[in-house]
Amino acid sequence: MRVQDIIVLGGGSAGLMAALTLKRRLPQLSIRVVRSPEFGVIGVGEATTLSFPKHFFEYLKLKPQSFFEEAEPTWKLAIRFLWGPRPRFYYTFAYEFQQRLPGMGRNNGFYYRSEQPWAGPVSAFVAHDKAFPKRPDGTPRFHNNHGYHIENVKLVGWLEGLCRTFGVEIIDATVTAERSEAGIGALVMEDGTRMTADLYLDASGFRSELLGRTLAEPFISYADSLFCDRAVVGSWNRTDEPLLPYTTAETMDTGWCWQIEHEHSINRGYVYSSSFISDEAALAEFLRKNPRVTGTPRVVKFRSGRHARNWVGNVVGIGNSVGFVEPLESTALQIICVEVSTLADSLLDSLCEPNPTLVELYNRYNAQAWDDIRDFLSVHYKFNTRLDTPFWQAARSDVQLHGAQFLVDFYRQNGPSVVAGAQLLHASNSFGMDGYLALLVGQDVAYDRRYAAPVAEEKLWHDRCQVWGAEARQGLTSEQCLGVIRNSGSCWA
Ligand SMILES: Cc1cc2nc3c(=O)[nH]c(=O)nc-3n(C[C@H](O)[C@H](O)[C@H](O)COP(=O)(O)OP(=O)(O)OC[C@H]3O[C@@H](n4cnc5c(N)ncnc54)[C@H](O)[C@@H]3O)c2cc1C
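As structure tokens, this is what we get:
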């Protein structure tokens, strides 16, 4: 296969991120995006992980200025979990649980206490609702341990502008696919016009027009780990609520609810299992919890899992067309970053002539990235003891941990040791041992080998937490940081 000409089917975040990434990395390629005005984009999906800024501002070397101006993000430094027996805990992107401070016998995870619910400086900041430290001149000292909250439609608008700037053609049309021996022979518009390319990217969202509907690639369900299959989504305009520097994930009777912080609005979504609750009862619980929601909340149906392969013949799936897991760790945009960067790297490395082993490698790598997410999310469900409803009883007894099973067994005997991470998680696991420790320690999962820290170490830890807390109280809120970057063009995060 020689790739010179690519058609991307879909103009949601997946399609536009794919087109932008390929055009930026391989400008010689001709790239067209076809999107249906009839179907539109999914319109939800609003929190990211660390991989988003890394992809756009490091891998693609774009400048953040237009992103801040057009997509209007806010910073996400953590997820605040209202989950398990502790009142709350935070999962940051800063690898705090695995660190070991000078003078301490073990890493931070062994000393964590609910009374000071932070394990390092970044979680201390978010525990005080602060985003970044303040420099002596009053400006934020930005760091890179953050994701964003972004409204889906604004993100799509920003991506579309960039695609056009870099020479991607965008065509509005609803198409059907024509099969061929190689996979897809052409995309056909309603007026009969045929469009052909060397490679077709299927970014058609849940419709999965090419990979699912046309090529019938088998689907691997994650339903034995992830029981939820619906979300009810609503929002309200911000009034006097503080702009929080984190996403909240809150335990609900039959699943959980996110809270995402946009500058002018607050977005909430209840992810639930239709086997345990009706849409009407879920909506009622959602509205009881969120009485400020305006308009009619929308129900989105989904299935958790992935197609067996991303790349089949002359088709590569990207985003929701390949698979989906609920946004408990906000991983959809992250996996799109993985899918599109590995595709660009594969084309670069093969001089745009990918062969079967390269395709096989691509498929193995991306399948692993999907399964890693399923494994990590299963730990969230297996150990959440906050509620004792039928849903949570079933989750604790029946959720399958798959690839996380041995890591959890190791933790159960050895506690929040860092040794397991190096042995059990491959280098590209996006959560790493620190992610697992945040969730296992955060949910207060019991383990056998307790560490009886000497009094001097306990005091050192307590004092260190006090210092982090004091520094955090001096920090800047998200509103203050946004104010600074708007007033000084030179100070982009
Ligand atoms: C409830 C919920 C919450 C979520 N929360 C998060 C989150 O917090 N963080 C996160 O990272 N992700 C989240 N996501 C996922 C995220 O929204 C998506 O993964 C992401 O936006 C990518 O969507 P997409 O581009 O694959 O699909 P879509 O946005 O659905 O785009 C599909 C595109 O294909 C086009 N198309 C389809 N069929 C045809 C056709 N026949 N002809 C022409 N065009 C066609 C459509 O017009 C559209 O342009 C969430 C998803 C759901 C359901």
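Count along the sequence shown starting at 1, add 365, and that's the number in the numbering used here. The beta carbon of each residue, even a glycine, is placed where N, CA and C say it ideally should be. Just so you know, these numbers come straight off a predicted model, no measurement behind them.
Would you mind sorting residue i into buried or exposed? The rule is 16 or more other CB atoms within 10 Å of its CB.
i, result
"residue 778", "exposed"
"residue 762", "exposed"
"residue 558", "exposed"
"residue 852", "exposed"
"residue 540", "buried"
"residue 445", "buried"
"residue 403", "exposed"
"residue 432", "buried"
"residue 771", "exposed"
"residue 749", "buried"
"residue 644", "exposed"
"residue 685", "buried"
"residue 511", "buried"
"residue 377", "buried"
"residue 420", "buried"
"residue 832", "exposed"
"residue 624", "buried"
"residue 506", "exposed"
"residue 760", "buried"
"residue 753", "exposed"
"residue 720", "exposed"
"residue 747", "buried"
"residue 573", "buried"
"residue 556", "exposed"
"residue 650", "buried"
Under the assumption that residue i contacts residue j (Cβ atoms under 8 Å), give the Cβ distance between them as a whole number of angstroms.
i, j, result
"residue 549", "residue 542", "5 Å"
"residue 694", "residue 731", "Not confirmed; about 17 Å, so no contact."
"residue 897", "residue 688", "Past the edges of the chain, shown from 366 to 858, lies residue 897, and the structure says nothing about it."
"residue 369", "residue 563", "6 Å"
"residue 514", "residue 423", "With a Cβ gap of about 20 Å, residue 514 and residue 423 do not count as contacting."
"residue 846", "residue 440", "7 Å"
"residue 870", "residue 397", "The structure shown has nothing for residue 870, since the chain only spans 366 to 858."
"residue 518", "residue 599", "Between residue 599 and residue 518 the Cβ distance is about 16 Å, and since that is not below 8 Å, they are no contact."
"residue 462", "residue 473", "5 Å"
"residue 744", "residue 784", "Rounded, the Cβ-Cβ distance is 18 Å, inconsistent with contact."
So who's on the other strand from residue i, going by DSSP bridges?
i, result
"residue 440", "513"
"residue 600", "632, 659"
"residue 545", "548"
"residue 370", "395"
"residue 622", "615, 635"
"residue 866", "For residue 866 there is no data in the structure shown, the boundaries of the chain being 366 and 858."
"residue 412", "514"
"residue 481", "478"
"residue 535", "398"
"residue 497", "841"
"residue 457", "443"
"residue 584", "672"
"residue 505", "499"
"residue 689", "670"
"residue 553", "541, 559"
"residue 665", "596"
Skipping 5 residues on each side, what residues in its chain have a beta carbon closer than 8 Å to that of residue i?
i, result
"residue 667", "571, 594, 595, 596, 689, 691"
"residue 816", "470, 471, 475, 780"
"residue 606", "631"
For residue i, which residues of its own chain have a beta-carbon under 6 Å away from its beta-carbon, when the five flanking residues on both sides are left out?
i, result
"residue 837", "489, 490, 493, 495"
"residue 547", "678, 679"
"residue 380", "373, 398, 568"
"residue 395", "370"
In chain order, what residues of the same chain have a beta carbon less than 7 Å from the beta carbon of residue i, not counting five sequence neighbours either side?
i, result
"residue 532", "388"
"residue 739", "587, 590, 591, 690, 767"
"residue 520", "378, 436"
"residue 648", "597, 662"
"residue 802", "462, 463, 474, 781"
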